[in-house]
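Those protein sequence lines, which keep their order, are chains R, G and U.
The first sequence runs 1 to 303 under the working numbering.
The second sequence runs 1001 to 1310 under the working numbering.
The third sequence runs 2001 to 2572 under the working numbering.
Structure record follows, encoded as structure tokens.
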Amino acid sequence: MTTTRSLPGIAAAPRRGPSATARIVAGIHKFPLVVRGVPIFSLLVLAVTVICALFAPALAPYDPIKTNPAQALSAPSLSGHLLGTDHLGRDILSRLIYGARISVTVGFLAVFVAGAVGTAIALISAVFRGWADRVLMQITDAFLALPYLMIAVTVISILKPSLMVVILVIGLLRWMDYARVLRGEVLRLAATDFVQLAIVAGCSRWRIIRRHIFPNLINTLLILATLGVGSAVTAEATLSFLGLGIPRPQPSWGIMLAESQKYLYAAWWLPLIPGVAISLLVMASNLVGDWLRDRFDPTRRQL
Amino acid sequence: MQRYLAKRLGEGCITIWITTLVVFALLRMTGNPADFLAPPDMPWADRASLRQAYGLDEPMWKQFVLFHKSVITGEFGKSLRGTQDEALHVVMERVPATLQLTAAALLFSIVLGIPAGVVSASQPHSMVDRIGKVFAIAGQSMPVFWVGLLLILLFTVYLGWLPSAGGIDRLGWQGVIMPAISLGWLLSASHMRIVRSSMLDSLDTDYVKMARVKGLPQRLVIWKHAFKNAAIPVFTLFAVNFAHLISGAVVTETIFAWPGIGRLLVDSIFTRDYAVVQTVVFLAALVIVVVNLLVDLTYAWIDPRIRVAR
Amino acid sequence: MGIVLFLILLGAMVASVCTQRPQLGFIPISPALAATASQGAFPQAGVDGVPAAVEQLTVAFDGWGGDVIDPWQYIGTGMLQSYLNLRLLHRDEQMQMVSLWATAWRQANEGIYFTLNPKAKWQDGTPATAEDFKANVEALLGKYAPDFKGTPRIGQFKRVVQEVQIIDPLHVLIKTEMPDPSFFSLVSGANYHQVWFGPGEYLKKVGHEGYIKKPLGGGPYQLKTFKPGERIVWERWEDFWGDYAYWQKPQHRLMEWLQVPDDAARFALLRGKQVDMVVNIPYAIAKDLPRSESNKRGVNPHKGPIWTQTHLANGKMQITFDAEFIIREKLTGWEALQDDPTLKPKVREALELAIDKRAIVEHFHYGFTSLNQSIYSMGSFGWRKEQAEKLSPYDPKRAKVLLAEAGYPNGFSTTIHFGVFTGRPGQPEALEAIASYWKDIGVDLKIVQHDPTEFYTRLNRPDRAYRPMTLVTWGRQEAGEYIAEQAASSGGGRAVYNDRTNALVKELTRTLDEAMRLRLMAEIEDEVLRNYWVIPLYDASAVYGYADRVLAHPIPEYGAHFTDLNRIVLKK
Chain R
1 MTTTRSLPGI
11 AAAPRRGPSA
21 TARIVAGIHK
31 FPLVVRGVPI
41 FSLLVLAVTV
51 ICALFAPALA
61 PYDPIKTNPA
71 QALSAPSLSG
81 HLLGTDHLGR
91 DILSRLIYGA
101 RISVTVGFLA
111 VFVAGAVGTA
121 IALISAVFRG
131 WADRVLMQIT
141 DAFLALPYLM
151 IAVTVISILK
161 PSLMVVILVI
171 GLLRWMDYAR
181 VLRGEVLRLA
191 ATDFVQLAIV
201 AGCSRWRIIR
211 RHIFPNLINT
221 LLILATLGVG
231 SAVTAEATLS
241 FLGLGIPRPQ
251 PSWGIMLAES
261 QKYLYAAWWL
271 PLIPGVAISL
281 LVMASNLVGD
291 WLRDRFDPTR
301 RQL
Chain G
1001 MQRYLAKRLG
1011 EGCITIWITT
1021 LVVFALLRMT
1031 GNPADFLAPP
1041 DMPWADRASL
1051 RQAYGLDEPM
1061 WKQFVLFHKS
1071 VITGEFGKSL
1081 RGTQDEALHV
1091 VMERVPATLQ
1101 LTAAALLFSI
1111 VLGIPAGVVS
1121 ASQPHSMVDR
1131 IGKVFAIAGQ
1141 SMPVFWVGLL
1151 LILLFTVYLG
1161 WLPSAGGIDR
1171 LGWQGVIMPA
1181 ISLGWLLSAS
1191 HMRIVRSSML
1201 DSLDTDYVKM
1211 ARVKGLPQRL
1221 VIWKHAFKNA
1231 AIPVFTLFAV
1241 NFAHLISGAV
1251 VTETIFAWPG
1261 IGRLLVDSIF
1271 TRDYAVVQTV
1281 VFLAALVIVV
1291 VNLLVDLTYA
1301 WIDPRIRVAR
Chain U
2001 MGIVLFLILL
2011 GAMVASVCTQ
2021 RPQLGFIPIS
2031 PALAATASQG
2041 AFPQAGVDGV
2051 PAAVEQLTVA
2061 FDGWGGDVID
2071 PWQYIGTGML
2081 QSYLNLRLLH
2091 RDEQMQMVSL
2101 WATAWRQANE
2111 GIYFTLNPKA
2121 KWQDGTPATA
2131 EDFKANVEAL
2141 LGKYAPDFKG
2151 TPRIGQFKRV
2161 VQEVQIIDPL
2171 HVLIKTEMPD
2181 PSFFSLVSGA
2191 NYHQVWFGPG
2201 EYLKKVGHEG
2211 YIKKPLGGGP
2221 YQLKTFKPGE
2231 RIVWERWEDF
2241 WGDYAYWQKP
2251 QHRLMEWLQV
2261 PDDAARFALL
2271 RGKQVDMVVN
2281 IPYAIAKDLP
2291 RSESNKRGVN
2301 PHKGPIWTQT
2311 HLANGKMQIT
2321 FDAEFIIREK
2331 LTGWEALQDD
2341 PTLKPKVREA
2351 LELAIDKRAI
2361 VEHFHYGFTS
2371 LNQSIYSMGS
2381 FGWRKEQAEK
2391 LSPYDPKRAK
2401 VLLAEAGYPN
2411 GFSTTIHFGV
2421 FTGRPGQPEA
2431 LEAIASYWKD
2441 IGVDLKIVQH
2451 DPTEFYTRLN
2461 RPDRAYRPMT
2471 LVTWGRQEAG
2481 EYIAEQAASS
2491 GGGRAVYNDR
2501 TNALVKELTR
2511 TLDEAMRLRL
2521 MAEIEDEVLR
2531 NYWVIPLYDA
2541 SAVYGYADRV
2551 LAHPIPEYGA
2561 HFTDLNRIVL
2571 KK
């Protein structure tokens, strides 16, 4: 059991054994990757998604919202609509490209929210310690015990679905992992000579955080964020499936997948394509996250 | 041990209390809680009496106190639907179905994930390993509801092997297979990866290397030493995973028309049966906390180091 | 990479499953039956090789309305009560009123006389008498449970009914304050049938709590298993007294209802042979399935393992403009609406001209819904065929001109609210199409979806939460008066009115003369449409899917969605 391998100088071990993320993070071995350990395919997927999100108007061949009755539910074909049309005659490829915008926005912003909250809590917890630490960690544990989807569904139905609400709800129910992992990180950093010296030299807490601790957290944050994007996108898809996602007529991959389920028998490409898109994005984000982790510190097996 | 028990119990209680807080806040987050508690065709004037009945006119702190009282006595209000039972009763009727589903999903994930992880670890980078990884990644990438629908497509429509709606009461045990797979696949993928990496770690330690050098047979080495250590992380993660399972049940139950609390939640939200909604969220959190507590205690009982290293 | 391979395999599997049309063997029927079926009569149980009794019928719904089994507490709209308890009257396939508990009825000035069926009895064997009738009416008026809310139109019932007089055990008189022309729509199985009758003495004795624990009815079924919102199992009452062709002991002993809200999962049950009937198949899927209408409506055409029947015009979609009403009534926030573009008739006209209704019906609904330029439901009392066919043209150019004339050359932004109800597919698609059409003329539409319960609650709020537009979903209203009454200031929630319509509606509620009523309703409609207060979009329909095992299901072509499930005839 790897808790026996503790690094010197840590004042308090992580709360209840290694956290979930730490566990998965700890020593996942490299998957078969393409070139010298770099997951080219996954990076490509991520890059393409971001490019689509940024340059959607230039890339999309058709208007994603304009309905086209005569061509409803036409199959993918090389001439015309490459990925077919949906039940309203809208081009799937264009909706996919514009949908990348929403998925990317939701993914990144939700992760940002979760990361921000998690970092704040981790910093307060680890820096101020004592009473604040205990309370915050207790809150974190409590939130981990919440059935997050149930709460999300309830909250959104009360507050009415909108892009903001969806992002906030996803973000505010996911910060716990950031908090725990980063807290461990901060504690570890606090014990390093760097910081000890700075404390002795009389630097203010804020300065220490700003100059020594925070920059070193960024790596971990990045890893967690990349891993988190995938689950945020999946969460958005699930919420759309339950009818609580982003309002129409904006295309998002989640909505495309959700509203196309019932056309499964009439138009197989309709649910398949967004489903594949989501899966690829999630997969890519997971693999890139893994790779980043390995790259930044392959010797670190636990956090 | 007793100290540990007391400590965990205390923490569990606090967790439940925070959950109560969240549930309480949920309803009052909106400006018009009466809107959410009223049956749809309640005449407008009657809402005043509803507000009174639920104490919504009282100051917030008083409402909170009253809410605690209702939680302790189990009076969550009455369901608006069907036979208009007590909300608690309505929810409790459906908890077993969700637990059955969750247990089956957990079982599936363990039965599939752990051996897969072991096999993978014992033959790293082989074809078997690669296939395993593909399934693991696929499992972790596909949204649960999509997996569910694809399963229905394959097993009910295409092959006609398995029924897809109604729960165990109606279909018997075969009815739980597809929902369990769709809910548990993600978890099994996660388990597989953890076990694999954990085992590869253990197989790397000096202890195991020594055993190998001493000439102990490979199988013995793997199963006795590495596996034991590798399986433990699965239980460590149990807490978080169980919460995810209960959450995921919401979607799975909707697709498979499973008569559990996940589906009840979604139905109640859309029929504005808010008393039931509150009860479901609260009970779900309670179940999670209790199960976590039990697992932690079992864990602590097995591994004494845990009790100390806190 | 392995993943890509996996996904490709997945795609191939999905594609092949969805495109295959398996040809499985049919359960054969006798030639005599085949002949009868195509000639016009419905197959009967026990005749021409059809079994007299079968064990079970299983139906999957997206929803069946209210779950309350106590008829004296029944709220909302739904069909549960129709199988457990009694209705006075019924509608046959031609939507004509026919007997059920009441064998004869006569409207006079003092009220309505009913003659009750002497064979009627309750499931405990006691006869259903005038005493029960009286107890029920009194209960519905709120006598035993003062806070009984009742079904949505119970208000009308309470307004009209004064008391019940028992003439003899089989004859009763419902005394009404004044003759109410639309009274029958409350008690005759259409128009969202509002009033069910249970065993009066039993209900008085055991009360609500007792009734719930042990329900007792007078209809063809008894409740065997009841899980609200999930699953209901009905059991045939072996001593059922009804002997009408449309209401008699069903062929099946058990009828199981499953509620499966997810469209794809529900249809999978039919394709996977898990159920015999599915209510509400999405239009896009239904278009590829054999329709019974190709041969005889409601009878298995034997063209495949699945067949369908379309229940036409069971709902009505129209856009209602609320701003004018809100301002006139000075509801909360009316000041903010004073400059609303939709207040100008030219704008409303433009908005209607910009919608290609034909395309919506033909391409997005695959012809399953119906064009109907009338505020009344197709085929209902008050509906005029000539009016219905005067479809508004699709003229976006003119729409833009009108907008410019009204002072909006660059268009404007606006919002529409709607709720999705079970049994009425196609709304979101229609709205998204409309958003696209309006975008072409510069109007930016925001679509706000509400869940059905909340939609109703807030629709009828005193402060009319939805503004400036609502997509109103009417269930089929067999008697158009109810819709006409909305054109009066006293009409309540969905009113669009002026002085003229107010006067017309007032007269309408007083007239018993049918010809006069039709004329008044026509005038009201003309006034509403002339002012463009309402844009009629289409009449919705629900497609029912059946497995090959189902031989026939006679239902009215138009009707509310209570579905005569007891009349289903199965092959084996």
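The beta carbon of each residue, even a glycine, is placed where N, CA and C say it ideally should be.
Check                                                                                                                        : Outcome
U:Trp-2241 beta carbon less than 8 Å from that of U:Tyr-2221                                                                 : no
Extent of the continuous beta strand (DSSP E) run through U:Met-2469                                                         : 2469-2475
Chain R contacts made by the region 1063-1074 of chain G, where a contact means CB separation under 9 Å                      : none
Secondary structure of U:Ser-2436, DSSP reduced to three states                                                              : helix
Residues near U:Asp-2585 in its chain [Cβ-Cβ closer than 6 Å; skip 5 each side]                                              : As displayed, chain U neither begins before 2001 nor continues past 2572, which places residue 2585 of chain U out of reach and without an answer.
8 Å contact criterion, which G:Asp-1273 and G:Arg-1008 should meet: CB distance rounded                                      : No, G:Asp-1273 and G:Arg-1008 are not in contact; Cβ-Cβ is about 34 Å, not under 8 Å.
Chain U within 8 Å of R:Ala-47, Cβ atoms only                                                                                : no
Buried/exposed call for G:Gly-1010, threshold 16 Cβ in 10 Å                                                                  : exposed
Contact check, G:Gly-1113 vs G:Val-1195, beta carbons under 8 Å                                                              : yes
Assigned secondary structure, R:Phe-55 (DSSP; H/G/I helix, E/B strand, else coil)                                            : coil
Contact with chain U by G:Arg-1196, beta-carbon distance below 8 Å                                                           : no
Among U:Glu-2177, U:Gly-2545, U:Pro-2536 and U:Pro-2118, nearest to U:Tyr-2649 - alpha-carbon criterion                      : What is shown of chain U runs 2001 to 2572, which leaves residue 2649 of chain U out entirely.
Proximity test, Cβ basis, 8 Å: U:Gly-2367 and chain G                                                                        : no
Check whether G:Leu-1245 and G:Ala-1105 have beta carbons under 8 Å apart                                                    : yes
Minimum Cβ-Cβ distance from U:Asp-2395 to chain R less than 8 Å                                                              : no
G:Val-1213 classed as buried or exposed, judged by whether at least 16 other C-beta atoms fall within 10 angstroms           : exposed
Closest by C-alpha distance to U:Lys-2357, when choosing among U:Gln-2373, U:Leu-2331, U:Arg-2348 and U:Leu-2471             : U:Gln-2373
Simplified DSSP assignment, three categories, for G:Tyr-1004                                                                 : helix
G:Ala-1243 at chain R interface by Cβ criterion, 8 Å                                                                         : yes
Local Cβ density within 10 Å of U:Asn-2109, reported as buried at 16 or more and exposed below that                          : exposed
R:Lys-160 (DSSP reduced to helix, strand or coil)                                                                            : coil
When G:Ser-1141, G:Glu-1075, G:Ala-1025 and G:Thr-1015 are compared against R:Arg-134, the one with the closest alpha-carbon : G:Thr-1015
DSSP state of R:Leu-136 mapped onto helix, strand, coil                                                                      : helix
N- and C-terminal bounds of the alpha helix (DSSP H) containing R:Leu-123                                                    : 92-128
Cβ pair count under 8 Å reaching 3, the region 1145-1156 of chain G against the region 1267-1286 of chain G                  : no
C-alpha gap between R:Cys-52 and R:Leu-281, whole angstroms                                                                  : 13 Å
For R:Ile-213, the residue or residues it bridges with in DSSP                                                               : None, per the DSSP bridge assignment.
Rounded C-alpha distance that separates U:Met-2469 from R:Trp-175                                                            : 40 Å
Cβ distance (whole Å) where U:Asn-2531 is taken to contact U:Pro-2250 below 8 Å                                              : So it is not a contact: roughly 49 Å between Cβ atoms.
Three-state secondary structure assigned by DSSP to U:Leu-2588                                                               : For chain U, the structure presents residues 2001 to 2572; residue 2588 of chain U sits outside this window and is missing.
Where the alpha helix (DSSP H) through G:Gly-1184 begins and ends                                                            : 1177-1204
U:Tyr-2246 (DSSP reduced to helix, strand or coil)                                                                           : coil
Whole runs of the alpha helix (DSSP H) within the region 2063-2107 of chain U, excluding any shorter than 4 residues         : 2080-2084
Enclosing alpha helix (DSSP H) for U:Arg-2231 [first to last residue]                                                        : U:Arg-2231 -> not in any alpha helix (DSSP H); beta strand (DSSP E) instead, spanning 2231-2236.
Span separating the alpha-carbon of U:Pro-2051 from that of U:Val-2550                                                       : 12 Å
Inter-residue CB distance, R:Ile-296 and R:Ile-223 (contact presumed, cutoff 8 Å)                                            : Here residue 296 of chain R is Phe; the residue named in the question, Ile, does not match the sequence. About 7 Å; that satisfies the 8 Å criterion.
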